[in-house]
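Visitor: Could you have a look at this structure, given as structure tokens, before my questions?
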Amino acid sequence: MKKLTLLPLPATLFLMLTLLFSAEAQKRYTVFVGLKGGENLKGTLIRTTQDSLSVNIGNFRRVFGVSEIKSIRIRRKGAVGRGVGFGAGTGAFLGGIIGYASYTPPDCSNSWFCLDFGPGLDTIAGGLIGAVGGLLAGALIGSAGKEFKIEGNQAQFDLFANQFR
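In terms of this note's numbering, the sequence shown opens at residue 4 and continues consecutively.
In structure tokens:
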């Protein structure tokens, strides 16, 4: 009978991360388009050309000319979720290390009853506190986007379009 060996943990993690980030070519962006008429629209960026912006809004595709656009705010789809995940994971890891390092055994010399949970409880508490802090920080960072003030100016639109073609 043949023995199956599993990939070591680092190789498995590397493979998973490679597959996760291989979708780089399929980036999708959420755009908030402010029009000169005062209307603000939210949609998914389809494409930019030299003089226009194509956006899916609901089930409809709209094309905006440079002269119509006052501002564009853009962020990558799923950025908030990724920010929350990375923030919570990093916060839990660092909080757990700090909680473990902060453990001190209790002084039980003058008491008839002494309860010591060991460093595990401090590690878990530190991890939970760190995860909450990291979650909040990740949500804030992930929700941030880039804003471009176009004001109908072709040169300003070109700065935006060159980054998102």
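Each residue gets a CB set at the ideal place from its N, CA and C atoms; glycine is no exception.
Are the segment 144-162 and the segment 68-81 touching, with three or more C-beta to C-beta distances below 8 Å?
Guide: The segment 144-162 vs the segment 68-81: in contact.
Visitor: What is the DSSP secondary structure of residue 32, counted as helix, strand or coil?
Guide: Against the sequence shown, residue 32 aligns to sequence position 29. Residue 32 falls in the strand class under three-state DSSP.
Visitor: Rank 108, 125, 91 by C-alpha distance to the C-alpha of residue 139 and give the top, closest one.
Guide: Counting from one through the sequence shown, the residue named residue 139 turns up at place 136. Ranking 108, 125, 91 by Cα distance to residue 139 puts 91 first.
Visitor: Rounded to whole angstroms, what is the Cα-Cα separation between residue 164 and residue 42?
Guide: As a working note, residue 164 is residue 161 in the sequence shown. As a working note, residue 42 is residue 39 in the sequence shown. Answer to the nearest angstrom: the Cα atoms are 21 Å apart.
Visitor: In chain order, what residues of the same chain have a beta carbon less than 6 Å from the beta carbon of residue 81, not counting five sequence neighbours either side?
Guide: The count along the sequence shown starts at 1 and reaches residue 81 at position 78. Excluding sequence neighbours, residue 81 sits near nothing in its chain.
Visitor: Please identify the residue among 51, 122, 129 whose C-alpha is closest to the C-alpha of residue 68.
Guide: Looking up residue 68 in the sequence shown gives position 65. Ranking the options by Cα distance to residue 68, first place goes to 51.
Visitor: Who are the Cβ neighbours of residue 136 in its own chain at under 7 Å, not counting the five residues just before and after it?
Guide: Locating residue 136 in the sequence shown gives position 133, counting from the first residue. Once the five neighbours on either side are set aside, the close Cβ partners of residue 136 are 94.
Visitor: For the beta strand (DSSP E) holding residue 113, just list the boundary residues, first then last.
Guide: Residue numbering aside, residue 113 sits at position 110 when the sequence shown is read from its first letter. Where residue 113 is concerned, there is no enclosing beta strand (DSSP E), given that its DSSP letter is neither H nor E.
Visitor: Would you report the Cα separation of residue 30 and residue 48, rounded to the nearest angstrom?
Guide: For the purposes of this step, residue 30 is taken as residue 27 along the sequence shown, with counting starting at 1. For the purposes of this step, residue 48 is taken as residue 45 along the sequence shown, with counting starting at 1. In a straight line, the C-alpha of residue 30 is about 10 Å away from that of residue 48.
Visitor: Can you tell me which residues form a DSSP beta bridge with residue 150?
Guide: Against the sequence shown, residue 150 aligns to sequence position 147. Residue 150 pairs with 76.
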